[in-house]
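For the sequence shown, counting from 1, position 255 maps to 254 in numbering that gives the first Met the number 0; every step adds exactly one.
Remarks on the structure that follows.
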Amino acid sequence: MKIGMPKEIKENEYRVAIVPHNISKLTASGHEVYVETGAGLAAGFTDEQYVQAGARILPDAASVYKAGDMIVKVKEILPPEFPLLEERHTICTYIHSANRLPQTEALLKAKVVAFAYEDVKDEQGGFPLLEPMSRLAGETGLLTGLFYSFTTHGGSGKIVCGNPGIRPMKIVIFGAGHVGIGAARLAHKLGADVVLMDVNIKQLELVSDQIIPGIKTVFSTHDNIVAEIRDADIVFNCVKWFPGLTLISRDMLKGMQKGSLIVDIDAEPGGAIETCRYTTHEDPLYEVDGIRHICIANLPSSVANTASQSLSNATIPYIQEIADKGWKQAALDNGRLIYGLDFVKGYLTFKDTAEAFGLELTPKEKIFEMF
Ligand SMILES: NC(=O)c1ccc[n+]([C@@H]2O[C@H](COP(=O)([O-])OP(=O)(O)OC[C@H]3O[C@@H](n4cnc5c(N)ncnc54)[C@H](O)[C@@H]3O)[C@@H](O)[C@H]2O)c1
């Protein structure tokens, strides 16, 4: 298989899809890999490392899309990439097509095959290509929150672990999922006074008994939230938003300490944190009613080296299988991969996107009969 890896063009995206030690696996099994010059540089991987791993370096995205039959990326396909798509391409990347109509239309129009990392599902119903990034989002969100609590960044001037005779910071975390556990584990290790809140008692039991023994957990209700955020130094929102869910309304900010910080890792403007609006790594903070807010949507990009390695280590078995067998046989053989097969040669095979945009859904079984 000829595999192309372009450089990411999304703003503030520093990750690269495949790191050199995984490129070596592909080239060792006979695949040709074409890498856009500088694709790995921001994540700490040079063109020379890719050449040593057996890849060929090409000067721009257009030549990578021309050379590759399979295109491997990190983020969704953006408008400058639309004209580079060809019918022979199999795309592997995060796609999130259900809220990106122009990309959905471009993928259908170009008649490519596309696997969405976020939809690959394991036997337990988990998402093996999302989870490594979720954990990192919790950890980087926590570190970002602590950094912006320094006096030198206009923060409360408290250190997370306290000092002899001085209390540690109180950190309240909403959501005991992958992101929330990432944040809670690190906060707990650093000596914070952590309160982890969720509506799923079984999950709280699992976390406090096995994953982070000794962590304080509180059932998430409006009254409990009001009580816990009153003296919190930082609140982290790690709950996946759904319409109607409000955890902190603007009115509730009055009940928090002035100068305290909300880090909305879910980062859904107007979502569970009513006062959330997007911020960036360059301009991370704003204040509403004396409460500071950070709502950065691509936190793992700030640890691009670790994030690229984690992502690449998780995706490489699937990329290898698609490269070895082709999209159809790989999807037929691999019960996890088939969930990620969202676009096939002009047909949409992902229910959520079909429902979101009123588009025709073609069942995957039918696709296998057609091609
Ligand atoms: N900002 C970033 O860079 C970044 C990166 C990765 C993920 N995320 C986002 O973080 C969010 C969480 O991801 P995840 O993988 O941990 O999700 P998850 O589904 O594994 O966990 C969410 C948890 O929230 C709990 N929950 C639901 N309603 C609640 C309530 N009212 N109060 C408290 N807890 C409640 C659920 O029971 C669950 O345990 C997602 O929206 C995801 O898109 C953001």
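Here a beta-carbon is modelled for each residue, glycine too, at the ideal position from N, C-alpha and C.
Pick from Y33, V63, P78 that is closest to E10, judged by C-alpha positions: P78
Cut-off 6 Å between Cβ atoms - residues of its own chain near N304, not counting five sequence neighbours on either side: A42, G43
Proximity test, V198 beta-carbon vs ligand 1 heavy atom, cut-off 6 Å: yes
Beta-carbon gap between I272 and I261 smaller than 7 Å: yes
DSSP-derived helix/strand/coil call for T361: coil
Start-end ranges of the beta strand (DSSP E) lying completely within the region 285-342, minimum 3 residues: Whole beta strand (DSSP E) segments, 3+ residues: 290-293.
Heavy atom of ligand 1 within 6 Å of H177 beta-carbon: yes
Cβ-Cβ separation, D208 to G174 (assumed contact under 8 Å), whole Å: In fact, because the Cβ distance is near 18 Å, the residues do not count as touching under 8 Å.
CB of G3 within 7 Å of CB of I70, strictly: yes
Beta-bridge pairing of G3 - partner residues as DSSP gives them: Residue pairing by DSSP puts G3 in a beta bridge opposite Y33, I70.
Helix, strand or coil at K108 [DSSP, three-state]: helix
A109, buried or exposed, once every other Cβ within 10 Å from all chains shown has been counted against 16: buried
heavy atom of ligand 1 below 6 Å from A355 C-beta: The answer is no for A355.
The region 306-320 touching the region 121-137, judged by at least three CB pairs closer than 8 Å: Under the 8 Å Cβ criterion, the region 306-320 counts as touching the region 121-137, having at least three qualifying pairs.
Alpha-carbon spacing of I76 relative to T89, whole angstroms: 13 Å
Proximity below 7 Å, CB of V193 to CB of I158: A distance of 7 Å or more separates the beta carbons of V193 and I158.
Beta-carbon contacts of P101 that lie in its chain and below 7 Å, excluding the five residues immediately before and after: P78
Nearest candidate by alpha-carbon position, reference E122, set T150, V287, L336, E267: Measuring from the Cα of E122, the nearest candidate turns out to be L336.
Where D222 sits in the DSSP three-state scheme: helix
Cβ contact (3+ pairs, closer than 8 Å) linking the region 43-58 and the region 81-95: Taking a contact to require three or more Cβ pairs closer than 8 Å, the region 43-58 and the region 81-95 do not qualify as touching.
Whether I290 touches L252 by CB criterion (7 Å): yes
Closer than 6 Å: F218 CB and nearest ligand 1 heavy atom: no
beta-carbon Q123 near ligand 1 non-hydrogen atom, thresh 6 Å: no
Proximity winner among G53, K6, A191, relative to A27 (alpha-carbon distances): Of the listed residues, the one whose Cα sits closest to A27 is G53.
As assigned by DSSP and simplified to three states, the class of D250: helix
Beta carbon of V73 nearer than 7 Å to that of P5: no
Boundaries of the beta strand (DSSP E) in which F173 is found, first to last residue: 169-173
Heavy atom of ligand 1 within 6 Å of C160 beta-carbon: no
Beta carbon of G140 nearer than 7 Å to that of A182: yes
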